[in-house]
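Numbering (our numbering), first residue to last: 173 to 497.
Okay, structure coming up:
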């Protein structure tokens, strides 16, 4: 059985609700709590577990826990020159709370219940190239619902795809991306830009570096993409998670197939404090352009105003140059 990302997220929401009710029932039946406080306590337990999961993701990603030194991404001088000062405690707490809220909203509301929403139309008329939105691991196109209105307001006609199956091969996703790019180019007469979050950036790179002539493309903007893999991938499920392990053979083969021209048409926007795409250096891709941010978590990149502005600037930069393929 191949469940969609939305179905998987709805199942997760149901399990969280069941866990909260189970805790409430235990407190009510075994400890004589009244129903309302017991239910609030059950909800609190579920929220606390989510908080621990977000904190754990930050810790593993920031420190590269579980990754041997030889598997970690390189730290070139150009990257180290962008390293910000350590976050103050208030700023670190704000970063964590924003990410917690973004994760809760994304995985318990947008993806399970809002994937039917239509994307906003672009402000017309516009000379902007069409824009293909590619989501990340275990997600669907609803991840773009927060940022997409700003893209439409800037004049971008957006299309989004769902990568299926959820835990499949990234090379298969690359074929889906190629098909979408070709369809958009045929429909609009213009090569599309690609905006990709997390694993979606790897699928886009694989689409352009695959066998045969790649479809025309204005360029790629990646947002929090683990170009060299991420520490959390070893704890993820599916073929795609194995492909995203730090220093995997799949990642090395992908890098070997790319051309300098393809790299030059890629802008990697990343956060030094990403809660998923880590350890540091994983979003740095030799030959590409880079936009470092700070104090923004992985899911927060999809809705933070600073990240949205960085995306708009990168898209405008790529819109002004010739297609990469």
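Ideal Cβ positions, reconstructed from N, Cα and C, are used throughout, including at glycine.
Bear in mind that the values here come from a model prediction, so they are computed numbers and not experimental data.
- Using a C-beta cut-off of 8 Å, the region 433–441 makes no contact with the region 266–275, since fewer than three inter-stretch Cβ pairs fall below that distance.
- Across the set 374, 220 and 408, the C-alpha of 374 shows the shortest separation from the C-alpha of residue 392.
- Here residue 284 is near residue 182, since their CB atoms are less than 7 Å apart.
- Using a 10 angstroms sphere on the CB of residue 481, the tally of other CB atoms stays under 16, which defines it as exposed.
- Less than 7 Å separates the beta-carbon of residue 401 from that of residue 418.
- The Cβ atoms of residue 308 and residue 371 sit closer than 7 Å to each other.
- In its chain, beyond the 5 residues on either side, 399 and 440 have a beta carbon closer than 6 Å to the beta carbon of residue 457.
- Residue 408 and residue 217 have their alpha carbons spaced roughly 24 Å apart.
- For the pair of segments examined, the region 468–481 was found not to touch the region 245–255: the number of CB pairs separated by less than 8 Å stays below three.
- In this structure residue 346 is in contact with residue 378, their Cβ atoms being roughly 4 Å apart against a cut-off of 8 Å.
- For a cut-off of 8 Å, the C-beta gap from residue 321 to residue 364 is around 19 Å, too long to register as a contact.
- Per DSSP, the beta bridge partners of residue 369 are 395.
- In the assembly as shown, residue 203 is an exposed residue. Its beta-carbon has fewer than 16 other beta-carbons within 10 Å.
- Rounded to whole angstroms, the Cβ separation of residue 366 and residue 304 is 5 Å, and the two are in contact under 8 Å.
- Taken through DSSP and simplified to helix, strand or coil, residue 337 comes out as coil.
- Between residue 454 and residue 245, the gap from beta carbon to beta carbon is short of 7 Å.
- The C-alpha of residue 356 is placed about 42 Å away from the C-alpha of residue 221.
- Judged by DSSP secondary structure, residue 461 falls outside any alpha helix (DSSP H) and instead within the beta strand (DSSP E) spanning 461–465.
- Separation of the CB atoms of residue 292 and residue 324 is rounded to 4 Å, and the pair is thereby assigned contact status at 8 Å.
- In the DSSP assignment, residue 342 falls within the alpha helix (DSSP H) that extends over 342–360.
- Residue 464 and residue 384 have their alpha carbons spaced roughly 33 Å apart.
- About 7 Å separates the CB atoms of residue 451 and residue 235; that is less than 8 Å, so the two are in contact.
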